[in-house]
Each structure stands twice: as C-alpha cells, then as structure tokens.
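Written out below as structure tokens is the structure these notes cover.
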Ligand SMILES: Nc1ncnc2c1ncn2[C@@H]1O[C@H](COP(=O)(O)OP(=O)(O)OP(=O)(O)O)[C@@H](O)[C@H]1O
Ligand SMILES: [Mg+2]
C-alpha cells in the first residue's frame, strides 16, 4: 500500500543548522498493516510521516501509495490518499468552524470543491451517528464551534475525520501525547476500533513502548534518521519492553535507548 | 446641530457605500486572515473604470460589471504575487496598490480627477445613486431613489450572494484556509487557490464600492481610495465590537460590517460638523479610532484576562 524507497531529507542545508533528518529510509507497508513507530526525540519519526504526507518535498528517493507515485504531488493532492492526526490537538481541526462543518470538509477530502452545498441534511444525520461511536457526547453538539472542545475531544474528532473517507493510509503522529492518561487511553481505544473496522493501513508514532507493542502487527524503531529495527509477525507478538531495549542496543551499538525512549 | 442633522442622510448613504467595501475587507481580514492593502488601489480602479465607461455612453450596469471585473483582476494580481511568487501578503498588496496608481491614472486618461456628465438631467437619471437623490421628493427625486434605499438593497443582495457562496464547498474551503491552513491542506484543500479566490472576491466588492461612490460624488478622484483599508477595518471592528454577541449568523455578521461603516461615517460627520473641524483631519481621526478599537481587545486579554477557552476567534456560522 505504501512504498517508500530510500528517501532523504536534510533541513537547512549549508547552514550551521544543517540537519540530516532522514538518511535513506525505505519502508514497504502491505494492505492492512498497522505499524507502530518508536524512537528517541529527533530520530526522524515525524519527518518520515511529513515526507509521506508531502508537507515539503524530499531531497531524493520515491514515495508511492497504492501504486501511485506521489513523490512530486503537493500536500493537498496527496490528501486524497491520506488521513492524518497530528500531535497538536489544535492542528487537525478548524477551531472557528462547527463540528459538522469540519466533518463535511473531511468528507470531501480528495474531491474537487464545487458550488454544491458545503453540507447536506443527510450528512448531518450520518455524522451524528458516527460521533456516537466516540462516546464523548459530541453527537448533541454538531453545531458547536470546534474551538470550544477539549484537546481530547478535538483529537478524537480529528481521528474520526481522518477515517471519514476511507484513506489508503492513516498517519498518526503521537496523537495521544498531549492528552491526560485517561483521555489518551480512550482515544487510543477509538483508534484501534476504527483501524480494525476498515482494515486501515496505518503508521502510528508513539513514545509509549507498551502501546507500540500492544497495538499493530509490526513495529519499527527509528534512530538518527534511519530505521534501526523492524519487527513483525510472531516476533512482534512475543515482544516485551526488555526485549525491545536489548535489540535496540544491538542494532545501534548504543545504550542510550533506556534514557531516550523510556522518557516518553 | 441642525448642520449635523441635515448631513445625517448623506452620511448614512456614504457609510452604506463604504460598507460594500468593508464587506470586501471582511472577507480577507476576518475570513482569510490576510491584511490586504490592494484595497486602497482597487477602490479607485472601480471608480475609474466606471467613470470612463459611463461617460462614453456605456450602460450603467455594464459599467458596474466592468468595475467589478477590474477589481477582481487587481485581487488576482495580489493573489498571484503572494502564492506563486511567495511574497508576503502585506507586501504583495502594497506592490499592487502602488502599481495601480499608474494604472488608475492611465484609465482616467492621465487626469487626476474625472467628472461624470451629470449636468444633463437624462444622464443623472441613469445613475444608480447620486448625492442629489439624497434631497428626495422635495427636490423632485422619487423617494425610492434615495441612496439609502438603493445601496441598502444592493447590500442586501450582495450579502445574500455571499451567504450562499460561503455555504458551498468552495466557500467552506476558503473559511477552512483562513481558520487553519494545515488542517485545510490535510483535507485536500488547495490553500493557495483559496487565498487567490478570496482576494479576487474581496477586491471585486471593493471596486464595486468605488464605482458606487464615484456615482454618488459625480466624479472619480485618483486619491479617493487612500486609506480605504483603514476605513474598512474600522467598519469591521466597530461592527464586531457592537454586534458580535447578538449577530452569530454569518449573514448578520456581514450586516454588522455594513452597519459598522454607517456608524463610522455618522460619527466622523458628527465630529466634523459639531466640532467644526477641518475635513483634512479626517484621516488622523480614522487612524486614531481604528488604533483604539484594535487596542481594546488586546489589552482586555492582556491585563484583564479571565480564563478563556483556546478558541481564538469566533467565525460566522452557516447553520
Ligand atoms: N521543519 C524543520 N525544519 C528544520 N529542522 C527540522 C524540521 N523538522 C524536523 N527537524 C529536525 O529534524 C530532526 C528530526 O525531527 P523529527 O521531528 O522527525 O523527530 P521525532 O522523531 O519526531 O522526534 P520527537 O519524538 O521529539 O517528536 C530534529 O533534529 C528536528 O529538529
Ligand atoms: Mg515528532
């Protein structure tokens, strides 16, 4: 479903702030793969997701989604294939617009915007039903401004919006990191249900090793702009946190895994 | 006092005309979150195109349409400078505005001021609005031709069209772009296109307003649009301060802008008439009013902050 071949990205090249954030990353995801991504701060996890989403062009390498080469497509054109949830709860929704308006925007992801109505009555009923799944009481607040919602509510809504039109690829960048533990668990729970229901091909960054082990059928760990570990199948099912740390140490020849990763 | 009272209908008429421009400013400033300085030039462009075409015998509505298109073209230029050339929006607007001075002069045959041939009664009769119609029946002009009636209707129709437009998929994508460009792009919205469309729409309205004022005054002056952006902001802000609590619906918010422009004009007229102030102090007065109204919400948030929710600003609803 996703095929990333040897992509590289250096920020601020030729300046004192030069930073090689991706140093040749290749990754192939099969249909329905749910991959968790871990790694220390600055390892390049977000940069990888942003490269796939097309926030800026990569320096070299290719990216294709469902067989379509998207390497040169701008962000808004790639949106046709991709649903996203960001780390910052403010980022994924339009605060000054209503809940239903936000959902209506998401329902038209990848379609040409025309002079047809921005939202129809049938859609409203549909959205109300969908919001019930979240169990946050949002179904009674369709016309509330999203800016009035809590961070957790906004994040759950963004998740729902990302999956509203079945995406070929779902990108989640620490989407529960800014939430309190209880809300985080709830949103993660909703994530699991939504991903399972539609068999979404998913990349989920997390700083929580346990979550990374429990969720998904494959786990990758990034280190200094590369994929240092890639664990799937039976291997992944049997994985423990201790295993993971040990294998990370072997793979990178460093023991900074403990302090860097456990912090999250 | 009688001087002020007799000036009131004229002030309200002018306020309504500037209100059309202010609604254009609302589209860029409030909806797209862009301060667009093209306005100072495109306002005059509207009047210039109108005065030349109408004077050469073109139908009043066609001349208005041409003014609208000319304004839209100015907006397109600013939009392309901003999105294709990567020039910051403010600077892009300033560049277009500067260039428009020459363009406007060229349109007006290199004359700084061109008058409409309204000394002929039949020409005057063809205009949509005129200063003279303010006098009403006692001067021989039918009451329904009063600028407050005509421009009021004109404004109502414009608001209805905008209300419809911002409720469509395309309009919603403009609002999303102004509210959160990251989100908009993630939902597949071409934010550059949305900004260009918004600037085109806005400057079209501004030029229409310019064409109306040209008819009202019976002439177009090269400096007519100077400071227009500030008047537009004043109207937007006054409307917001006074009505934001009661006018939640998007159409009503646009109406608030129009009312804001009327209030602005009435207040300015009052100060000039009652205070016997030289009209050249008008610009200073406007700048002060806008500065004060922009300061109030900022200081309120800074020094009297009560716990507020993260919603930065409230935008029009389309329920
Ligand atoms: N837009 C950017 N401009 C400049 N440098 C950037 C940019 N985005 C990321 N970087 C740098 O690239 C490196 C990788 O950043 P990235 O955000 O991918 O890390 P991460 O693995 O997501 O870390 P974290 O766990 O802290 O989110 C960092 O050194 C970061 O400072
Ligand atoms: Mg990150």
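Protein chains in written order, with our numbering: chain A, 14 to 277; chain B, 3 to 321. For each residue, glycine too, the CB sits at the ideal point set by N, CA and C. Since this is a predicted model, take the numbers as computed values, not measurements.
List, in order along the chain, the chain A residues whose C-beta lies closer than 7 angstroms to that of residue 175 of chain B?
Residue numbering aside, residue 175 of chain B sits at position 173 when the second chain is read from its first letter. In chain order: 126.
Would you mind listing the beta strand (DSSP E) stretches within the segment 169–234 of chain B that are 3+ residues and don't spill past its ends, in chain order?
Runs of the beta strand (DSSP E) inside the segment 169–234 of chain B: 221–223.
Taking the alpha-carbon of residue 40 of chain A as reference, which of A:255, A:201, A:232 has the nearest alpha-carbon?
In the first chain, counting from the first residue as 1, residue 40 of chain A sits at position 27. Ranking the options by Cα distance to residue 40 of chain A, first place goes to A:232.
For residue 171 of chain A, the first and last residue of its enclosing alpha helix (DSSP H):
The residue given as residue 171 of chain A occupies position 158 in the first chain. For residue 171 of chain A, the uninterrupted alpha helix (DSSP H) run begins and ends at 164–177, by DSSP.
Between the segment 43–59 of chain B and the segment 171–189 of chain B, do at least 3 Cβ pairs fall closer than 8 angstroms?
As far as the Cβ criterion goes, the segment 43–59 of chain B does not touch the segment 171–189 of chain B, which means the pair count is below three.
So residue 19 of chain A is in the beta strand (DSSP E); what residue range does that whole segment cover?
The residue labelled residue 19 of chain A in the question sits at position 6 within the first chain. Under the DSSP assignment, residue 19 of chain A falls in the beta strand (DSSP E) whose first and last residues are 15–24.
Count the other C-beta atoms from every protein chain shown that fall within 10 angstroms of the C-beta of residue 276 of chain A, then say buried if there are 16 or more, exposed otherwise.
Taking the first chain and counting its residues from 1, the one referred to as residue 276 of chain A is at position 263. Note that residue 276 of chain A has pLDDT 43, beneath the 50 cutoff, so the model's placement of it is unreliable and the number below is only indicative. Exposed.
Please report the straight-line C-alpha distance between residue 327 of chain B and residue 177 of chain B, rounded to a whole angstrom.
Because chain B spans 3 through 321 in this model, residue 327 of chain B falls outside it and cannot be assessed.
Taking any Cβ of chain B, which residues in the segment 78–96 of chain A have a Cβ under 9 angstroms from it, in chain order?
Taking 9 angstroms as the Cβ-Cβ cut-off against chain B, the residues of the segment 78–96 of chain A that qualify are 87, 88, 89, 90, 91, 92, 93, 95, 96.
Can you tell me whether residue 188 of chain A sits near ligand 1, meaning its C-beta is under 8 angstroms from at least one heavy atom of the ligand?
Here the question's residue 188 of chain A lines up with position 175 in the first chain. Between ligand 1 and the CB of residue 188 of chain A, the shortest heavy atom gap is not smaller than 8 angstroms.
According to a CB-to-CB cut-off of less than 8 angstroms, which residues of the segment 98–110 of chain A neighbour chain B?
Taking 8 angstroms as the Cβ-Cβ cut-off, the segment 98–110 of chain A approaches chain B at 99, 103, 104, 105, 106, 107, 108, 109, 110, given in chain order.
By how many angstroms is the C-alpha of residue 64 of chain B removed from the C-alpha of residue 202 of chain B?
Start at 1 with the first residue of the second chain, and residue 202 of chain B comes out as number 200. Start at 1 with the first residue of the second chain, and residue 64 of chain B comes out as number 62. Roughly 19 angstroms separates the two Cα atoms.
Residues near ligand 1, CB to any non-hydrogen atom under 5 angstroms, in chain order?
With 5 angstroms as the limit, the residues whose C-beta approaches any heavy atom of ligand 1 more closely are A:24, A:32, A:34, A:54, A:55, A:56, A:57, A:58, A:59, A:60, in sequence along the chain.
For residue 36 of chain A, which residues does DSSP report across the bridge?
The residue given as residue 36 of chain A occupies position 23 in the first chain. Looking at the DSSP assignment, residue 36 of chain A forms a beta bridge with A:21.
Can you tell me the Cα-Cα spacing of residue 290 of chain B and residue 175 of chain B, whole angstroms?
As a working mapping, residue 290 of chain B is identified with position 288 in the second chain. As a working mapping, residue 175 of chain B is identified with position 173 in the second chain. In this structure, the alpha-carbon of residue 290 of chain B lies about 35 angstroms from that of residue 175 of chain B.
Euclidean distance between Cα positions of residue 206 of chain A and residue 184 of chain A
Numbered from its first residue, the first chain carries residue 206 of chain A at position 193. Numbered from its first residue, the first chain carries residue 184 of chain A at position 171. Cα to Cα, residue 206 of chain A sits roughly 15 angstroms from residue 184 of chain A.
Residue 73 of chain A - containing beta strand (DSSP E), residue span
As a first step, residue 73 of chain A is located in the first chain; it is residue number 60 there, counting from the start. First-last of the beta strand (DSSP E) with residue 73 of chain A: 73–78.
Could you check which residue in B:188, B:166, B:237, B:81 has the C-alpha nearest to that of residue 267 of chain B?
Residue mapping note: residue 267 of chain B aligns to position 265 of the second chain, counting from 1. Nearest option by C-alpha distance: B:237.
Mapping the DSSP letters down to three states, classify residue 311 of chain B as helix, strand or coil.
Position 309 of the second chain, counted from the first residue, corresponds to residue 311 of chain B. For residue 311 of chain B, the predicted structure reports a pLDDT of 46, less than 50, and the residue's modelled location is therefore unreliable. The matter cannot be settled from this model.
With a CB to CB cut of under 7 angstroms and the five nearest residues on each side skipped, what residues in its chain are close to residue 315 of chain B?
Sequence index remark: in the second chain, residue 315 of chain B carries index 313 (1-based). Caution applies to residue 315 of chain B, whose pLDDT of 41 falls short of 50 and renders its modelled position unreliable; the value that the coordinates give is listed next. Cβ neighbours of residue 315 of chain B beyond the five flanking positions: none.
Exposed unless 16 or more other CB atoms sit within 10 angstroms - verdict on residue 163 of chain B:
Working through the second chain from its first residue, we reach residue 163 of chain B at position 161. Counting Cβ neighbours within 10 Å, residue 163 of chain B comes out exposed, since fewer than 16 surround it.
Are there 16 or more other CB atoms within 10 angstroms of the CB of residue 246 of chain B, so buried, or fewer, so exposed?
The residue labelled residue 246 of chain B in the question sits at position 244 within the second chain. So residue 246 of chain B counts as exposed.
Out of B:91, B:152, B:165, B:186, which one is the CA nearest neighbour of residue 17 of chain B?
For the purposes of this step, residue 17 of chain B is taken as the residue at position 15 of the second chain. With distances taken between CA atoms, residue 17 of chain B lies nearest to B:152 out of B:91, B:152, B:165, B:186.
So, residue 213 of chain B versus residue 70 of chain B, is the Cβ gap smaller than 9 angstroms?
By one-based count along the second chain, residue 213 of chain B stands at place 211. By one-based count along the second chain, residue 70 of chain B stands at place 68. Residue 213 of chain B places its beta carbon less than 9 angstroms from that of residue 70 of chain B.
On the CB-based measure, 16 or more other CB atoms within 10 Å of its CB, does residue 188 of chain A come out buried or exposed?
Working through the first chain from its first residue, we reach residue 188 of chain A at position 175. Buried: at least 16 other Cβ atoms inside 10 Å.
Straight-line gap, residue 93 of chain B to residue 99 of chain B (C-alpha atoms, nearest Å)
In the second chain, residue 93 of chain B corresponds to position 91, counting from 1. In the second chain, residue 99 of chain B corresponds to position 97, counting from 1. Those two C-alpha atoms are separated by around 10 angstroms.
Do we get a CB-CB distance below 9 angstroms when we pair residue 123 of chain A with the residues of chain B?
Working through the first chain from its first residue, we reach residue 123 of chain A at position 110. Taking Cβ atoms only, chain B reaches closer than 9 angstroms to residue 123 of chain A, which makes this a yes.
Go ahead and label residue 180 of chain A buried or exposed: buried means 16 or more other beta carbons lie within 10 angstroms of its beta carbon, across all protein chains shown.
The residue labelled residue 180 of chain A in the question sits at position 167 within the first chain. Here residue 180 of chain A is buried. Its C-beta has 16 or more other C-beta atoms within 10 Å.
Shorter than 8 angstroms, the distance from the beta carbon of residue 51 of chain A to the closest heavy atom of ligand 2, or not?
As a first step, residue 51 of chain A is located in the first chain; it is residue number 38 there, counting from the start. No, ligand 2 has no heavy atom inside 8 angstroms of this Cβ.
I want to know whether the segment 102–121 of chain A touches the segment 147–161 of chain A - three or more CB-CB distances under 8 angstroms.
With a cut-off of 8 angstroms, the segment 147–161 of chain A and the segment 102–121 of chain A count as touching, because enough Cβ pairs lie within range.
Give the residues of chain B in contact with residue 203 of chain A, contact being defined as C-beta atoms less than 7 angstroms apart.
Position 190 of the first chain holds residue 203 of chain A. Within chain B, no residue comes near residue 203 of chain A; the closest Cβ sits about 19 angstroms away, beyond 7 angstroms.
Can you pull the chain B neighbours of residue 141 of chain A, defined as C-beta to C-beta under 8 angstroms?
Stepping through the first chain from its first residue, residue 141 of chain A is reached at position 128. Those within 8 angstroms of residue 141 of chain A in chain B number zero; the least Cβ separation is about 14 angstroms.
Between the Cα of residue 81 of chain A and those of A:197, A:17, A:242, A:198, spot the shortest distance and give me the residue it belongs to.
Counted from its first residue, the first chain places residue 81 of chain A at position 68. The shortest Cα separation from residue 81 of chain A among A:197, A:17, A:242, A:198 belongs to A:17.
Could you tell me which of B:39, B:210, B:55, B:274 sits nearest to residue 13 of chain B, measuring between CA atoms?
Within the second chain, the letter at position 11 stands for residue 13 of chain B. Comparing C-alpha distances from residue 13 of chain B to each of B:39, B:210, B:55, B:274 shows the shortest one belongs to B:274.
Distance cut-off 8 angstroms: residue 233 of chain A Cβ against heavy atoms of ligand 2:
For this step, residue 233 of chain A is matched to residue 220 along the first chain. Checking every heavy atom of ligand 2 against the Cβ of residue 233 of chain A, none is found closer than 8 angstroms.
Measure the alpha-carbon distance for residue 210 of chain A versus residue 157 of chain B and round it to whole angstroms.
Within the first chain, the letter at position 197 stands for residue 210 of chain A. Within the second chain, the letter at position 155 stands for residue 157 of chain B. Distance between the alpha carbons of residue 210 of chain A and residue 157 of chain B is about 50 angstroms.
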